[in-house]
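K.L.:
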Amino acid sequence: MSGAPAMSRWRGPLRLIVKRIGLAFLTLFLVSLVIFTISGLLPGDAAQEVLGQSATPEQVAALRHEMGLDQPGPVRYARWLQGILVGDPGQSLVANKPVADIIAERLPNTLTLAALAALVSVPLAFLIGIASAVARGRKLDRALNILTLSMVALPEFLVATIAVLVFAVKLLWLPSIALIPKDPTLAEFVRAYAMPVMVLTVGVVAQLARMVRAAIIAELDRPYVEMAQLKGVGRSRLIFRHVLPNAVGPIVNAMALSLSYLFGGAIIVETIFSYPGLASLMVNAVTSRDMPLLQACAMIFCAAYLLLVLIADTVAILANPRLRQG
Amino acid sequence: MKRRSLLRRAGALPLSGKIGLALVGFWILAAILGPLVAPYPPGAFVSEEVFAGSTSQFWFGSDFLGRDVLSRLLVGARLTMGLSAIAVAIAVALGTGLALTAAVGPRWLDELLSRAMDTLISIPSKIFALVLVAAFGSSVLLLTLIVAITYVPGNFRIARSLAVGLARLDYVEVARARGEGRIHIALVEMLPNMIRPLCADIGLRFVFIVLLLSGLSFLGLGLQPPEADLGALVRENVSGLAEGALAIMAPAVAIASLTVGVNLLIDAATQGNVK
Amino acid sequence: MANVISTDLSRRMLLGGLAAGMTVGGASGVTGRPKAGGRIRIASTNASTADTLDPAKGSTATDYIRHYMLYSGLTQFDGQLRGQPGLADRIVSQDNIVWNIRLRRGVHFHNGKPLTAEDVIFSLLRHRDPAAGSKVKTVADQFAGARQTGPLELQLRLTGPNPDLPAILAVSHFLIVENGRRDFSKANGTGPYTLHEFAPGIRTIVRKNRNYWKPGRPYLDEIELIAIPDEISRVNALLSGDVQMVNAIGPGSVKRVRATSTHSIMEIPSGLFTNLIMRRDNPVTANPDFVLAMKYLQDRELIKRALFRGFATIANDQPISPADPNFNPHIPQRPFDPDRAKFLLKRSGLLGVRLPVYAAPVANASIDMGTVLQEHAAQIGLKLAINRVPSDGYWATHWMRHPMTFGNTNQRPTTDMMFSLFFQSKAPTNETGWNNARFDRLLLEARSTTDAALRKEIYGDMQWIIHEHGGLAIPTFISLLDGYDRRLKGMFPIPLGAFMGYNFAEHAWWDA
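Residue numbers (our numbering), protein chains in the order written: chain A, 2 to 327; chain B, 169 to 443; chain C, 227 to 738.
(1) Apart from the five residues on each side of it in sequence, which residues of its chain come closer than 7 Å, Cβ to Cβ, to N513 (chain C)?
(2) Going along chain C in order, which residues have a C-beta closer than 7 Å to the C-beta of A133 (chain B)?
(3) Report yes or no: do three or more beta-carbon pairs, one from the stretch 416-436 of chain B and one from the stretch 371-378 of chain B, lie closer than 8 Å?
(4) Can you tell which of A:V203, A:I181 and A:K232 has its C-alpha closest to the C-alpha of A164 (chain A)?
(5) Apart from the five residues on each side of it in sequence, which residues of its chain come closer than 6 Å, Cβ to Cβ, to S496 (chain C)?
(6) Mind checking which residues open and close the beta strand (DSSP E) that includes F424 (chain C)?
(7) So, for R443 (chain C): in the same chain, excluding its five sequence neighbours on each side, which residues have a beta-carbon less than 7 Å away from its beta-carbon?
(8) Could you tell me which chain B residues have their CB closer than 8 Å to the CB of Y306 (chain A), listed as they occur along the chain?
(9) Give me whichever residues DSSP pairs with Q470 (chain C) in a beta bridge.
(10) Do V153 (chain A) and T427 (chain B) have their CB atoms nearer than 8 Å?
(11) Can you tell me the Cα-Cα spacing of A299 (chain A) and L298 (chain B), whole angstroms?
(12) Since N462 (chain C) meets chain A, which of its residues come closer than 7 Å, beta carbon to beta carbon?
(13) Which of helix, strand or coil does DSSP assign to G376 (chain C)?
(14) Report all residues from its chain with a CB closer than 6 Å to the CB of L86 (chain A); omit the five preceding and five following residues, and keep chain order.
(15) So the candidates are C:F649, C:D737, C:G709 and C:A678; which of them puts its Cα closest to the Cα of M726 (chain C)?
(16) For A179 (chain A) and I475 (chain C), I'd like the C-alpha separation in whole angstroms.
(17) What three-state label does DSSP hand I18 (chain A) in the structure shown?
(18) Do N656 (chain C) and F648 (chain C) count as a contact pair if the criterion is CB distance below 8 Å?
(19) Find out if the Cβ-Cβ distance for the pair G45 (chain A), G619 (chain C) is shorter than 8 Å.
(20) Kindly list, in the order they appear in chain B, the residues whose Cβ is closer than 7 Å to that of E694 (chain C).
(21) For the stretch 203-216 of chain B and the stretch 236-244 of chain B, state whether three or more C-beta atom pairs, one from each stretch, are separated by less than 8 Å.
(22) Distance, Cα to Cα, E227 (chain A) vs G322 (chain B)?
(23) State the CB to CB distance for the pair L279 (chain C) and F410 (chain C), rounded to an integer number of angstroms; the pair is presumed to be in contact (CB under 8 Å).
(24) Could you please give me the residues that DSSP links to F703 (chain C) through a beta bridge?
(25) Taking A316 (chain B) and A253 (chain B) to be in contact with their CB atoms under 8 Å, please state how far apart those CB atoms are, rounded to whole angstroms.
(26) What are the boundary residues of the alpha helix (DSSP H) that includes L298 (chain B)?
(27) Could you compute how far the alpha carbon of N97 (chain A) sits from the alpha carbon of E404 (chain B)?
(28) Please report the Cβ distance between L260 (chain A) and A115 (chain A), rounded to the nearest whole angstrom; I am assuming they are in contact, meaning their Cβ atoms lie under 8 Å.
(29) Taking P260 (chain C) and D321 (chain C) to be in contact with their CB atoms under 8 Å, please state how far apart those CB atoms are, rounded to whole angstroms.
(30) Measure the C-alpha to C-alpha separation of L310 (chain B) and F324 (chain B) and round it to an integer number of angstroms.
(31) Quick one, which residues of the stretch 428-442 of chain C are near chain A if we go by CB-CB under 9 Å, in chain order?
(32) Would you decide whether V76 (chain A) is buried or exposed? Buried here means 16 or more other CB atoms lie within 10 Å of its CB.
(33) Give a yes or no on whether the C-beta atoms belonging to M199 (chain A) and F274 (chain A) are separated by under 8 Å.
(34) Which term fits N254 (chain A), buried or exposed, when burial requires 16 or more other beta carbons within 10 angstroms of its beta carbon?
(35) Based on DSSP bridge pairs, tell me the residues matched to G309 (chain C).
(36) S270 (chain C) CB to nearest chain B CB: under 8 Å?
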């Protein structure tokens, strides 16, 4: 009999996970359709982009044929789909290399940068959010509020450029571009990542901290909190055992969004710091009309997002007894 | 009646709220009147000197082409305010509306909407905007729509998660047991309880839209010249940053004061007296 | 008169070019003997997955630099864009049609294979195949054929006379690859550096080729080539010491770089220009009064002063720059004259038209030029809409495809190339779509004349024709601005492009 409650605790999430994995494939399929459709609306194609200003019609025709672009759209899409179903994202039209090789070169970079930024920003956001919720209306709250607001008050590219001017050009403390050597020492690693991580953190912390604060405050206003206080439950116990678990739904959701932003939204940071990540690769794929590469990038971003959301929902269900039966 | 209560509410705001209100009010005024009081046409080349400092003739100096910074700032403020406000309104109306529909509607509808939103949101917003601008161009109208669409799924997710949480609460179940219709439950029982966390989201989303616009101009996808929103003004004058040119400081301060003001006001207004 | 390029003849010219360049390149170049050793990193403006090791497919400065580091050409440019001996130590022609080329002895590819005439024949003729995707196919189409006349000798036959062949062969696309090479996932050239690492869109690392055919060269041990697309970031990377040389410094950043004691700017007056193209196939932009009005509306002084901070040369609506030996100085400068423009527009009856002008960041400064034009046009009552479109897709879908678009043309190695690519009636990239029989006739006449002075005179007439009747407005020629660490020495400007016409790698040395 003792096993039953534990089973029921996990049954909901397990069902959810299985169902979500099925739905994830559906979503990935939809994303690939959307990408294929809108990229069909883009002016020009890969052959024209490769040949550029000096292209002659017969060269364009020859290159189109070589790239298979002379086939009708649906045929190309079906061929791509066939490949991706067996795990082969195809050949890059522009780079003459397997898409998998190109991605393999960049994916670790993006993962590292996103992980580092998350590692810094999530604890920071929780700290700020909880502190200002608890100190609601008081000086600390207001100060933290001003802090988070001023963090998102300026465009990311301006923040990054100012940071470079100060830390790289004036003080000469940090490199202005994030070039990671092959086998970096710890010091090289930290120096190279310091500024990109800082700029990304600035953007993400504010949103996350404010969501944490808002969600906790919403819970603090519920009657059960007052009751618990009347019963003499300690402050930190109240926050961490009662309020946080209930507020966790919106918080982990906001977290999933922030993290997926760290993953795919680093385009400006990647551009300014010349960091070879996936976001700039995807922009590159758009501008060179390299369909297989573009699709692969979209698939990765989508999968990462779905995974984060799944984790968020699982955590929310596990943490909140009210959702568990669902 | 209504106006008096609004006034009283403004008076009852905490200091931060009053500051926010003042900033937002200032920028709304600037957006409405600015182009009328601008001393020069925003596109005119009025100064021989580029990145000039403040003079009696050009209060905020001249920009990278020798145009009057103040005039361009006033016109830019209108574009930024108008475009962002409309885009955020569309995004929130669509996002929250769909979220409520998903929360009270049949299960399949919820799934359908959630998958559709997942599809949209999983494409990074700046890259999504880049593809749309490349495909459809970047007129003011299109840019507003693109930015709004980019932010619908984010709002949807947060609103849906709030609504689903609420849907399981006792008083909503009571209302359901009373036999209230779905629309009644969504609008009367759920929406009011979502407003406070949603407002925080709306405030930030407004900020994000202002910043996304500037990010787009960084990527060369913003409004068509000579029109320029505040972010584009920062971007086009960024080469004056190292010398601390007013041409970049002024729009940067404008963006900062606008975004901070909006959030201070929303924070303060949602602090106490919502049910 | 025979056209001869050989090592004996050109030693004097080469030295002259070097000496002239060194004074421009900064005092650093003159003092001290080159030192061997050192590792530098340089940044150009763009890199993508399209980065290539195939010289034929090079399309960006980053590609050209990479190719010149890894491969050598039959000839090399000097400071005046003349072709000097490279892998060929002698190029001779009596009629400018049949060219006899003799190769240098003892040159080896990086893999040890000796260079032969077969490699050269393959390298030149491969461009004619459309499937090769060569950027210079239209140029290579004039190669009628080539045959080997000795182990190190060959004869190249052209379809018609072309006195500029030695200069054409110095272009990076015609760099020499191994016979039969079609797979360019690796680079096997005869250039000053060997490939160490190549990651398209990320970086190229090359190391000193110890068997390079120029004794004592190159000087540097290793060069890393990266790209930093954002101009401000590129300048910051230079000033913070993360890279030692960059190109395409914005005119606005020159003051910042010059204010330091550690870095300097190399200004390269080049023939690069951004031009407004008015198509002949549209009734409005074909109207001669309208076209002339647009030319009078060019505020050349403002563009030079505000857009380029003086780092530009006023142009006169024709494509040959004053730095070019073939420049015709006798054409009077067309002034900025809004009143005359208004009069012409009124006369044409086109004052009320509303026309879009297409511009893109890829056409250097075109958006700002469009903005300037738009403002001046508005003041005389003409409404122009500036349609800024993304850089990608611009050349394929917008450039020359609308009545008014902006073009952007790099310095070409020869006047003939400039005229035949962009102004000959039948050229695929005849930007304005004009059809001037006299111009076409003069172009052929210039090619077949063996007298250089007469050729210059003909080129001068052709500049007149474009200035008067051409459908394009060229407000300025744009100077190229490279920034470099003062310890990097041995460089002089070559007007073809940044980084010494992309070929700095075998000249530069590090004075640590």
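Ideal placement from N, C-alpha and C gives every residue a C-beta, glycine not left out. Predicted, not measured: the structure shown is a model, and the values here were computed from it.
P.N.:
This is what the structure gives:
(1) Contacts found: S574 and L576.
(2) Given a span of 169 to 443 for chain B in the structure shown, any question on residue 133 (chain B) remains unanswerable.
(3) Yes: at least three Cβ pairs fall under 8 Å.
(4) Distances from the alpha-carbon of A164 (chain A) to those of A:V203, A:I181 and A:K232 put A:V203 closest.
(5) Counting only Cβ-Cβ distances below 6 Å, and skipping sequence neighbours, we find Q637, L706 and P721.
(6) Its beta strand (DSSP E) spans residues Y419 to A425.
(7) P418 and E732.
(8) D286, I289 and S290, listed in chain order.
(9) Listed as beta-bridge partners of Q470 (chain C) by DSSP are no residues whatsoever.
(10) Going by C-beta atoms, V153 (chain A) is nearer than 8 Å to T427 (chain B).
(11) About 14 Å.
(12) Those are V165, L166, A169, V170 and S177, listed as they occur along chain A.
(13) Under the three-state reduction of DSSP output, G376 (chain C) falls in the strand class.
(14) Here L86 (chain A) has no same chain residue with a Cβ atom under 6 Å from its own Cβ, once five neighbours each way along the sequence are excluded.
(15) Per the Cα distances, C:G709.
(16) Going from the Cα of A179 (chain A) to the Cα of I475 (chain C) covers about 20 Å.
(17) It is helical.
(18) The Cβ-Cβ distance between F648 (chain C) and N656 (chain C) falls below 8 Å.
(19) Contact flag set, yes.
(20) Going along chain B, no residue has its Cβ under 7 Å from E694 (chain C), so there is no contact; the nearest lies around 29 Å.
(21) As far as the Cβ criterion goes, the stretch 203-216 of chain B touches the stretch 236-244 of chain B, which means the pair count is three or higher.
(22) If you draw a straight line from the Cα of E227 (chain A) to the Cα of G322 (chain B), it is about 32 Å long.
(23) That pair is a contact at about 4 Å.
(24) DSSP, once it has assigned bridges, lists C:F499 and C:T539 as partnering F703 (chain C).
(25) With 8 Å as the limit, A316 (chain B) and A253 (chain B) do not qualify as a contact, their Cβ atoms being about 11 Å apart.
(26) Following the DSSP letters along the chain, one finds L298 (chain B) inside the alpha helix (DSSP H) bounded by residues S293 to F304.
(27) Spanning the two alpha carbons is a distance of roughly 36 Å.
(28) Going by Cβ atoms, the distance from L260 (chain A) to A115 (chain A) rounds to 7 Å, so yes, they are a contact pair.
(29) About 41 Å; that fails the 8 Å criterion.
(30) Taking C-alpha positions only, L310 (chain B) is separated from F324 (chain B) by approximately 21 Å.
(31) Contacts with chain A (Cβ-Cβ distance below 9 Å) from the stretch 428-442 of chain C involve I428 and R429, listed in chain order.
(32) A residue is called buried when at least 16 other Cβ atoms come within 10 angstroms of its Cβ; V76 (chain A) does not meet this threshold and is exposed.
(33) No.
(34) Classification for N254 (chain A): buried.
(35) According to DSSP, G309 (chain C) bridges with C:F303.
(36) Taking Cβ atoms only, chain B never reaches closer than 8 Å to S270 (chain C), which makes this a no.
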